[in-house]
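Q:
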DNA sequence: CCTACCGATCGGTAGG
DNA sequence: CCTACCGATCGGTAGG
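Residue numbers (the numbering used here), protein chains in the order written: chain W, 1 to 226; chain F, 1 to 226.
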């Protein structure tokens with residue numbers, strides 16, 4: 001029996017990662033969700049192995065150390081965040097629509113539990129803000145990039161004439177993201193179901209207050225959930 | 001030799017807590033700071049005992065379980081928060097001065113490192129938002145009270161005629177606190193030294209935008225640190 | 001408040 | 001990818 005019947009036809013090989021890489025990826029998907037629920041420190045190799053029905057050492061062979069596992073988990077979370085929040089928003093037309101899409105998708109990724117425990121990076125930020133080392137640096141790097149994506153969207157909205165130019169882009173990006181973090185906080189701690197629509201409303205109100213007459217209408221608030 | 005020379009004069013007794021209670025309090029002061037740095041789960045009995053140069057079991061005798069230790073730590077943090085942030089602000093005159101004092105003192109308690117790792121409750125909120133049990137409930141309770149103190153201050157500022165009555169008090173309280181959390185986040189993750197003065201500026205700008213002409217001037221921004 | 005323990009779990013290794 | 005380990009530390013207990 002040729003090997004092809006066991007592993008699929010040869011021409012499919014390039015669509016399949018090597019087995020080790022696939023295992024590693026499935027480990028990291030579970031790791032991201034576990035870490036979002038119990039923290040990156042609370043992500044223990046034993047718990048993770050149990051969840052995956054693997055032996056500890058079998059799992060551990062994919063990573064050199066716990067720190068490597070944490071780094072790989074952060075990287076996987078970053079990729080998921082980019083795919084779910086940033087990429088679809090950047091596909092929207094420049095200006096206010098794209099800026100609003102970034103905000104809306106962010107709230108949406110918490111509401112839809114893209115990460116089981118809410119926003120992976122918000123939790124990780126507060127968990128690692130008093131520490132040092134490569135894990136904290138990667139978290140900070142991802143958040144720096146996110147803020148710069150947001151503030152660049154503000155800048156472009158200004159260049160499109162959708163937003164008043166009096167506003168400092170970095171500052172508005174920060175204000176918007178603070179409201180987003182706040183709605184995550186309120187939902188997580190109080191189980192407030194309206195936290196997300198309230199958060200969207202407040203961000204929208206802030207954007208509307210700074211919009212020009214050239215700005216296309218923004219009325220996606222409280223859109224029905226799929 | 002009478003006992004009084006060893007324990008102080010009898011009339012001083014009511015000013016001194018029993019020894020056990022004093023030890024317990026000094027344990028909790030260290031516990032609050034350790035937990036603010038490493039999380040309430042990262043607060044282990046061994047680390048705490050080491051920090052206090054006590055034996056694990058000697059320390060543990062003051063608490064029935066780790067959960068009891070966590071609950072007592074949250075309660076101690078709550079008391080410190082009330083004393084440092086809420087009480088001084090409530091001493092300010094009703095209306096905008098008191099509302100601003102609440103905001104300013106909150107930012108100040110992070111900036112002055114009243115808790116070694118920043119705001120105890122912000123970190124604890126994000127650490128426990130996916131869990132259940134009495135520890136999470138106490139954290140949520142403390143934050144519910146804090147938000148209600150803030151929104152009551154907004155309401156009174158409206159009754160004083162300092163703030164426009166069109167604003168929803170709970171919503172404004174939430175917006176203000178989101179900006180405060182955001183400035184904490186930016187300082188903690190990026191080491192941004194201007195995060196606090198930026199946070200104060202943004203909160204002030206929001207309050208000024210909603211203030212009436214009757215409102216007393218607000219110009220405490222960037223006041224020199226002692 | 002201590003010493004001396006307990007079983008469980010931690011991150012990590014040896015050897016296959 | 002596994003079994004079988006390692007020393008260290010976890011929360012917690014017995015007994016004083």
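Positions of the beta carbon are idealized from the N, C-alpha and C atoms, including for glycine. All of these numbers come straight from a predicted model, not from anything done at the bench.
Assuming contact is defined by CB atoms lying nearer than 8 Å, are residue 71 of chain W and residue 138 of chain W in contact in what I supplied?
A: Yes, the Cβ-Cβ distance between residue 71 of chain W and residue 138 of chain W is below 8 Å.
Q: State buried or exposed for residue 113 of chain F, treating a residue as buried only when at least 16 other CB atoms are found within 10 Å of its CB.
A: Flag for residue 113 of chain F reads exposed.
Q: To the nearest angstrom, how far is it from the Cα of residue 142 of chain W to the Cα of residue 68 of chain F?
A: Straight-line Cα distance between these residues: approximately 37 Å.
Q: Whose Cβ in chain W lies nearer than 7 Å to the Cβ of residue 78 of chain F?
A: Per Cβ cutoff of 7 Å: no residues; residue 78 of chain F is ~15 Å from chain W at best.
Q: Mind checking if residue 45 of chain W is an interface residue toward chain F, Cβ cutoff 8 Å exclusive?
A: Not an interface residue.
Q: Of the choices F/192, F/127, F/211 and F/184, whose alpha-carbon is the least far from that of residue 42 of chain W?
A: Minimum Cα distance to residue 42 of chain W is reached at F/127.
Q: At 4 residues or longer, and completely inside the segment 14–93 of chain W: list those alpha helix (DSSP H) runs for me, N to C.
A: Within the segment 14–93 of chain W, the complete alpha helix (DSSP H) runs of at least 4 residues are 19–38, 45–52, 56–60, 66–81 and 87–90.
Q: Looking only at its chain, what residues have a beta carbon closer than 8 Å to the beta carbon of residue 226 of chain F, apart from the 5 residues adjacent to it on each side?
A: Note that residue 226 of chain F scores 42 on pLDDT, short of 50, meaning its location in the model is unreliable and no value can be drawn from it.
Q: Of all Cβ atoms in chain F, is any one closer than 8 Å to the Cβ of residue 222 of chain W?
A: Bear in mind that the predicted position of residue 222 of chain W carries a pLDDT of just 44, short of 50, making it unreliable; the figure below should be weighed with that in mind. Not one chain F Cβ lies under 8 Å of residue 222 of chain W.
Q: Could you pull out every unbroken alpha helix (DSSP H) segment of at least 4 residues lying fully inside the segment 110–156 of chain W, listed in chain order?
A: Segments of the alpha helix (DSSP H) lying fully in the segment 110–156 of chain W: 120–128.
Q: Who are the neighbours of residue 181 of chain F on chain W, taking C-beta pairs under 7 Å?
A: Near residue 181 of chain F (Cβ distances below 7 Å), the residues of chain W are 178, 181, 182 and 185.
Q: Which one or two residues does DSSP pair with residue 211 of chain W in a beta bridge?
A: Residue 211 of chain W is bridged to W/163.
Q: Just checking my contact of residue 100 of chain W with residue 218 of chain W at CB under 8 Å: how many whole Å lie between their CB atoms?
A: At roughly 6 Å, the Cβ-Cβ gap stays under 8 Å, so residue 100 of chain W and residue 218 of chain W are in contact.
Q: Under three-state DSSP, which class holds residue 198 of chain F?
A: It is helical.
Q: Measuring straight from C-alpha to C-alpha, what distance separates residue 177 of chain F and residue 179 of chain W?
A: Between residue 177 of chain F and residue 179 of chain W, the C-alpha separation is close to 9 Å.
Q: Quick one, are the C-beta atoms of residue 40 of chain F and residue 166 of chain F less than 8 Å apart?
A: Not closer than 8 Å, so no.
Q: Please list, in chain order, the residues of the segment 108–136 of chain W that have any C-beta partner in chain F closer than 7 Å.
A: Per Cβ criterion, the list reads 117, 118, 122, 123, 125, 126, 127, 129 and 130.
Q: For the segment 186–194 of chain F against the segment 139–158 of chain W, do three or more pairs of beta-carbon atoms, one drawn from each stretch, fall closer than 8 Å, so that the two count as touching?
A: Yes: the two stretches touch, three or more of their Cβ pairs being nearer than 8 Å.
Q: Rounded to the nearest angstrom, how far is the Cβ of residue 301 of chain W from that of residue 96 of chain W, given a contact under 8 Å?
A: It is not possible to answer for residue 301 of chain W, since the shown part of chain W is limited to 1 through 226.
Q: Is residue 154 of chain W closer than 8 Å to residue 172 of chain W when the C-beta atoms are compared?
A: Yes, Cβ-Cβ distance for residue 172 of chain W and residue 154 of chain W is below 8 Å.
Q: Could you check which residue in W/84, W/174 and W/200 has the C-alpha nearest to that of residue 104 of chain W?
A: Ranking the options by Cα distance to residue 104 of chain W, first place goes to W/200.
Q: Excluding the five sequence neighbours on either side, which residues of its own chain have a C-beta within less than 6 Å of the C-beta of residue 35 of chain F, listed in chain order?
A: Once the five neighbours on either side are set aside, the close Cβ partners of residue 35 of chain F are 43 and 73.
Q: Measure from the alpha carbon of residue 31 of chain F to the alpha carbon of each residue in F/18, F/50 and F/19, then state which is nearest.
A: It is F/50.
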